[in-house]
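The next block holds one structure in the form of structure tokens; read it before the comments.
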Amino acid sequence: MRLVLDLFTIVTVSAGVFFFLAGTVGLLRFPDALTRLHALTKADNLGLGLVVVGLLPRADGVLGALKLISIWLLVLLASATVSQLIARVARRNVSA
Amino acid sequence: MGLGFEIGLVVLVLGLATWTIVARETFAAVVGFATYGLLLALVWVRLSAPDVALTEAAIGGGLTGTLLLGAAARLRATEAAAAAERPGAQLRLVAAVLSATVTAGLAAAVLFLPDPAPTLAPAAAANAAATTLGNPVTNVLMAFRAMDTLLEKVVLLLALVGVWSLAPDRLWGGHPGPRHEADPQGAFAFLARLLPPPGIVIGIYILWVSADHPGGAFQSGTILAAMWMLVMMAGLADTPPVSRRLLRLALIAGPLVFLLVGLGGLWLGDAFLAYPVAYAKALILAIEFPMILTIAVTLGLLLAGPPERERER
Amino acid sequence: MSTATVFGLCAAVAAGLGTYGLITNPQPLRKILAFNLLGSGVFLFFGVVARRGAAAGFGGDPVPQALVITGMVVAFSATALAVALLLRLFQATGSATLRPDAPASADSNRTDA
């Protein structure tokens, strides 16, 4: 059982890291601010979600697991708002 | 595995530090500095100092980054003039030699640190029974070196008075900072309505849990200050006028309670800031709650700056 | 070469970089930034000393850690005061430079001091 859980953690966290890598590649290669924001927000949030899911078996108790999930939700909220704000400024700069 | 993770982290941290120094635009340099602060928090975790990691992430990365970003935005007009003042090769050489000396000196100090390292950890562990708290750093901050913490609060207040004193005479007592406006239906106002309630709960939780787990009053106060700044920056509330009595009461509440408990220790116990063992934990909590109020208000006002608008009367 | 030593060398380089930036960069805001970098290097040095003092079941010596926490808060308040001074200089003279012979620009808004 321990082995299965550890394997699950390794696989999910690696998948999360892959999504972070994809988001970074998007940041470096996409042409303008809006597409870069899209790559960052989508890929990084999914990557963080996978990392959190992968760490759940190692959390200490239900409370620890709930704290990990609430971290993910807070990051989701903050990054969604910030990407909206940046996108609004970016669109204004492009059309100006 | 060995030191692979540590070396990778150090390479990232130093790369960001270099970027902060050599970046052309101030805005880019400040962003690099904020990221540097966050990665430095990881370094602190690897050094087994989670309390310090929380403080670095909150104050070093978050608050300092916000402060410097705001200043960089206001000073954008001076960027062009600064380009004309580029230092010559001679100054750069002297600076490089001086920095290399500083680095070499510190590196030598690191490599030749005494080998059975002198430590106060056994003393801290032996005296932990005096406060029945589990977190040794909280013990040191609030019991063994409580005088430092009291004086530090006074230093914060002095810095705030210093910042306020930079206002022109006719604006004394007015509202710090500009009046922020944001679309009340927009994303920012939504965040400023949604985040503060759980943010305040998390802030107080970090204080409550600091008795036995990593956390602390300064980290807690910083989170509360950040929630307050969020509400003010989204335009949901205005910065309070500096002459408001309630504000000034909140500012002195922390040091005042601390001082009263300290004098109580002098009167009822052995020395200034001595806690009787039976009441130690309760006294420390009684000090810490006004303390986070003061820290939150002081940090928020330090970020807001000197008064810029007259008080409407 | 232990963990603490690696981070100690990192602290030394960060302090050196901060010193270099403090001396060479002409803009006061960049100097404040470099000063913060220098300060964080020094705090990291404290952290290394604390880590080496691990004993009695703790991961590190708690006294230097408490000193660093205090130091970080004081450093922030000093930075806030420095930034406020800089912004006031900009407001009063229209330029944010430390050169003693800088002329006040024509459109500087001289507020009553």
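Residue numbers (my numbering), protein chains in the order written: chain H, 1337 to 1432; chain C, 42 to 354; chain G, 3 to 115.
We put the beta carbon where it would ideally sit given N, CA and C, even for glycine.
In this text the structure is predicted, and so the values were computed from the model without any measurement.
Item                                                                                                                                                                  : Value
With a cut-off of 9 Å, does the C-beta of P102(G) fall near any C-beta of chain C?                                                                                    : no
Just tell me which of T1417(H), S1431(H) and R1428(H) has its CA closest to the CA of T1377(H).                                                                       : T1417(H)
Determine the direct distance from the alpha carbon of A58(C) to that of L340(C), and round the result to whole angstroms.                                            : 25 Å
Let me check understanding here. Comparing Cα to Cα, which of L132(C), Q131(C), V135(C) and E126(C) lies closest to R101(G)?                                          : E126(C)
So, are the CB atoms of A275(C) and L326(C) less than 9 Å apart?                                                                                                      : no
Go ahead and label W308(C) buried or exposed: buried means 16 or more other beta carbons lie within 10 angstroms of its beta carbon, across all protein chains shown. : exposed
According to DSSP, simplified to helix, strand and coil, what is P177(C)?                                                                                             : helix
May I have the straight-line CA-CA distance separating L1391(H) from I1407(H), to the nearest angstrom?                                                               : 12 Å
For F229(C), which residues in chain H fall below 7 Å Cβ to Cβ?                                                                                                       : T1417 and L1421
Could you work out which residues of chain H lie near L236(C), taking near to mean beta carbons separated by less than 9 Å?                                           : L1410, L1413, A1414 and T1417
Which term fits H216(C), buried or exposed, when burial requires 16 or more other beta carbons within 10 angstroms of its beta carbon?                                : buried
Just verifying my parser: in three-state terms, what is the DSSP assignment at R350(C)?                                                                               : strand
Quick check: what's the CA-CA separation for R65(C) versus A165(C)?                                                                                                   : 47 Å
Among the candidates V250(C), G256(C), R234(C) and I333(C), whose CA atom is the shortest distance from the CA of L271(C)?                                            : R234(C)
Taking the C-alpha atoms as reference points, what is the distance between A162(C) and P155(C)?                                                                       : 16 Å
Which residue or residues does DSSP assign as beta-bridge partners of H216(C)?                                                                                        : R350(C)
Taking only beta-carbon atoms, is P219(C) less than 9 Å away from chain H?                                                                                            : no
Mind listing the chain H neighbours of L232(C)? Cutoff is C-beta to C-beta under 8 Å, in chain order.                                                                 : L1413, A1414 and T1417
Would you identify the three-state DSSP class for L263(C), choosing helix, strand or coil?                                                                            : Looking at the sequence itself, residue 263(C) is Thr, so the reference to Leu does not match. Helix at T263(C).
Can you list the residues of chain G that D189(C) reaches, using a CB-CB cut of under 7 Å?                                                                            : T72
Grab me the residues of N111(G)'s own chain with a C-beta within less than 8 Å of its C-beta, minus the 5 sequence neighbours each way, in chain order.               : With a pLDDT of only 48 at N111(G), under 50, the local geometry of the prediction cannot be trusted, and the value read off the model is given with reservation. Result list for N111(G): Q93 and G96, in chain order.
Whose Cβ in chain G lies nearer than 7 Å to the Cβ of W85(C)?                                                                                                         : G49
Skipping 5 residues on each side, what residues in its chain have a beta carbon closer than 7 Å to that of T61(C)?                                                    : A70, G73, F74 and Y77
How should E222(C) be labelled, buried or exposed, when 16 other C-beta atoms within 10 angstroms of its C-beta is the threshold for buried?                          : exposed
With a cut-off of 9 Å, does the C-beta of P317(C) fall near any C-beta of chain H?                                                                                    : no
With a cut-off of 8 Å, do at least 3 Cβ pairs link the segment 79 to 88 of chain G to the segment 97 to 114 of chain C?                                               : yes
What does T5(G) reach in chain C if we use C-beta pairs closer than 8 Å?                                                                                              : L44, E47, R87 and L88
Compare the C-alpha of A1426(H) against each of V1361(H), R1372(H) and A1351(H) and name the closest.                                                                 : R1372(H)
So which of F330(C), A228(C), N168(C) and L191(C) has the shortest CA-CA distance to I241(C)?                                                                         : F330(C)
Considering just the uninterrupted stretch of the alpha helix (DSSP H) at F46(C), what are its terminal residues?                                                     : G45 to V63
Is P209(C) close to chain H? Criterion is C-beta to C-beta, closer than 9 Å.                                                                                          : no
Around the C-beta of P64(G), are 16 or more other C-beta atoms found within 10 angstroms, so that it is buried, or is it exposed?                                     : buried
If you measure between the beta carbons of M188(C) and L314(C), is that distance less than 9 Å?                                                                       : yes
Between A267(C) and G103(C), how many whole angstroms is the CB-CB distance? I'm expecting something under 8 Å.                                                       : 7 Å
Under the rule that 16 or more other beta-carbon atoms within 10 Å means buried, what is P159(C), buried or exposed?                                                  : exposed
Decide if A6(G) is buried, meaning its Cβ has at least 16 other Cβ atoms within 10 Å, or exposed.                                                                     : buried
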